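Position 87, counted from 1, in the sequence shown is what UniProt numbering calls 87; the numbers after and before it change by one each time, with no gaps. Note that beta-carbon positions come from the ideal geometry of N, C-alpha and C, so glycine has one too. Please read all numbers here as calculations on a predicted model, not as lab measurements.
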Amino acid sequence: MDDRSQQVLAIGTTFFILAWIVVLLRIYVRAYMIKSWGVDDWVMMLALGCFTVYLVAQLGGVYFGTGRRNADLDPKDIEKALHFWYICELFYVIASSTLKVAIGLFLLRIAVKRIHILIIYFINGASIVFGAGYLFVVIFQCTPIHTFWTIAPNNEHCLPRDTVANITYAASALAAFADWTFGILPGFIVWDLHMNQRTKMVVVVILGFAAIGSTATLVRIPYIKGLKTRDDFLYETTDVAIWSTVEPGIGMTAACIATLRPLLQKILSKTGLSTPRTNPSRFTPNWGSSANQLGSKKQGYVRSPSYSHGMDTLRPDISGTRTTVTGGGNNQSGSDNSSEEHIIGGATRPGGLNISKSVEVTHVTETAPPRYPNERRSDDSMV
């Protein structure tokens, strides 16, 4: 087959529609349903913007010749297609790096242990630094820049194609490493949380879903050799173009789907497939290290102050209300934090039992300070 432009068009159109749908749904959930808009949401919007520019440029390239052989194209169309290819290359780098940062910030919402937080910061920092370096190479791979499309990507004014390909290999390896790290890390984050194994597995799968783009990254690597071609560049790099769309497209889709649980619960509730929760409070036994400050973990339970779909419920250091219930002997006090029940004397027949029960209830609210500026502590959207 000497014309693969329709393949590029189909993949580009599919992920253009899909990316916008899932990001808009994420905006609806975060900004309107649970009102927990965060930095990761802003960064995801930036990634969507870059990905959109990439896709528009790719569609322009398809119109002029991406996916076809030079022999079937007018020289002026080849130049325009290469110009669009160059723009795609720039915004692919920006979109991919931005997406990695967005996923890292998403995981920071539930990371508690210092080592996990440092790992996320390291991966995000590496993605930014290496992404900036890679972008610099892509921009100035030819000098003057316009010779990339006015002559050819492999002309004497450009870096050797082997060099560009090797740098691309390194960037892809780093991207795959970041994706797999973000995919595995949630398992360690939820390891010490007080939930059953089945729930832990569900949480790990949903959080790790945000890193599923690594599969496309690995598939793309073998096709990078197409960048070394000297003839029919627009045709020989078709697979690179396709998988450069699939990689951030899948990653963005998965990362946004991981935030849509509140919307799914609402839909299931309205369709009768799930029983809605009528109690605004949720109870989690022995929530976090704060139990050590309040005494034995057996003294009570933690009640979330308001109904939340948020990832706060996965945070053992987050705020909550601990209710301690203790039994006692006969108590004639009428204080606000105690309740009594008496069955005495005349309330029973002669010879009957006299029963007296006293229950003292103590409420303690515990709040953890934010770990970074503008952090929202309530109703963080979850998985």
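{"query": "Ordered along the chain, which non-local residues of its own chain (more than five positions away) have a Cβ less than 6 angstroms from that of G272?", "result": "none"}
{"query": "What's the call for S335, buried or exposed, on a 16-neighbour Cβ count within 10 Å?", "result": "Because S335 sits at a pLDDT of 43, beneath the cut-off of 50, its placement in the model cannot be relied upon, and the following sentence gives the value as read from the coordinates. The residue in question, S335, is exposed, as its Cβ has fewer than 16 Cβ neighbours within 10 Å."}
{"query": "Under 8 angstroms by Cβ, that's how I've got T217 and D162 pegged, so tell me the actual separation to the nearest angstrom.", "result": "No, T217 and D162 are not in contact; Cβ-Cβ is about 21 angstroms, not under 8 angstroms."}
{"query": "Between the C-alpha atoms of L108 and M252, what's the straight-line distance to the nearest angstrom?", "result": "17 angstroms"}
{"query": "In whole angstroms, what is the alpha-carbon distance linking K266 and V204?", "result": "22 angstroms"}
{"query": "Check residue 384 in the structure and name its three-state DSSP category.", "result": "The structure shown does not extend to residue 384, since the chain is modelled only from 1 through 383, so no value can be given for it."}
{"query": "Please return the same chain residues whose Cβ sits closer than 7 angstroms to the Cβ of A57, not counting the five positions on each side in sequence.", "result": "F84, I87, C88 and F91"}
{"query": "Could you pull the start and end residues of the alpha helix (DSSP H) that F92 belongs to?", "result": "Reading off the sequence shown, one finds Tyr at residue 92, where the question assumed Phe. Taken as a continuous stretch (DSSP letters only), the alpha helix (DSSP H) holding Y92 covers P75 to L108."}
{"query": "So, at 6 angstroms on beta carbons, what are the nonlocal neighbours of residue 384 in its own chain, with the 5 sequence-adjacent residues on each side left out?", "result": "Nothing about residue 384 can be read from this structure; the chain reaches only from 1 to 383."}
{"query": "According to DSSP, simplified to helix, strand and coil, what is R4?", "result": "coil"}
{"query": "What number of angstroms, rounded off, separates the C-alpha of D74 from the C-alpha of P222?", "result": "30 angstroms"}
{"query": "Using the Cα positions of C142 and A254, report the straight-line distance between them to the nearest angstrom.", "result": "35 angstroms"}
{"query": "For R68, which three-state DSSP category applies?", "result": "strand"}
{"query": "Output yes or no for whether 9 angstroms exceeds the beta carbon distance between A102 and M44.", "result": "yes"}
{"query": "Would A31 pass as a contact of D41 if the rule is Cβ separation under 9 angstroms?", "result": "yes"}
{"query": "Does the pairing of the region 116-136 with the region 61-72 give three or more beta-carbon distances under 8 angstroms?", "result": "no"}
{"query": "Could you give the distance in angstroms between the alpha-carbon of C158 and the alpha-carbon of G208?", "result": "40 angstroms"}
{"query": "How many Å lie between Y235 and F182 at the Cα?", "result": "34 angstroms"}
{"query": "Measure the alpha-carbon distance for G12 versus H194 and round it to whole angstroms.", "result": "43 angstroms"}
{"query": "Going by DSSP, what residue range makes up the alpha helix (DSSP H) through P222?", "result": "No alpha helix (DSSP H) holds P222; DSSP gives it neither H nor E."}
{"query": "P262 lies in the alpha helix (DSSP H); which residues open and close that run?", "result": "R261 to K270"}
{"query": "Measure the beta-carbon distance from T238 to V8 and round it to whole angstroms, keeping in mind my assumption that it falls under 8 angstroms.", "result": "6 angstroms"}
{"query": "Roughly how many whole angstroms lie between the Cα atoms of I242 and F140?", "result": "24 angstroms"}
{"query": "In angstroms with no decimal places, state the Cα-to-Cα distance between G60 and R4.", "result": "15 angstroms"}
{"query": "Using DSSP bridges, identify the partner residues of C158.", "result": "C142"}
{"query": "Quick check: what's the CA-CA separation for V219 versus A170?", "result": "14 angstroms"}
{"query": "Quick one, which of D77, A19 and E79 has its alpha-carbon nearest V53's?", "result": "A19"}
{"query": "Under the three-state reduction of DSSP, which class applies to A176: helix, strand or coil?", "result": "helix"}
{"query": "Please report the distance separating the alpha-carbon of T199 from that of I206.", "result": "11 angstroms"}
{"query": "Can you tell me whether T14 is buried or exposed, with buried defined as 16 or more other CB within 10 angstroms of its CB?", "result": "exposed"}
{"query": "Looking at the secondary structure, which residues open and close the alpha helix (DSSP H) in which K200 lies?", "result": "Q197 to G208"}
{"query": "I'd like the span of the alpha helix (DSSP H) that includes T237, first residue to last.", "result": "Element bounds for T237: n/a, residue is neither H nor E."}
{"query": "Is the distance from the Cβ of V29 to the Cβ of P262 below 9 angstroms?", "result": "yes"}
{"query": "Applying the criterion that 16 or more other CB atoms from any shown protein chain within 10 Å of the CB defines a buried residue, is L268 buried or exposed?", "result": "exposed"}
{"query": "At the level of alpha carbons, what is the spacing between E247 and S172?", "result": "10 angstroms"}
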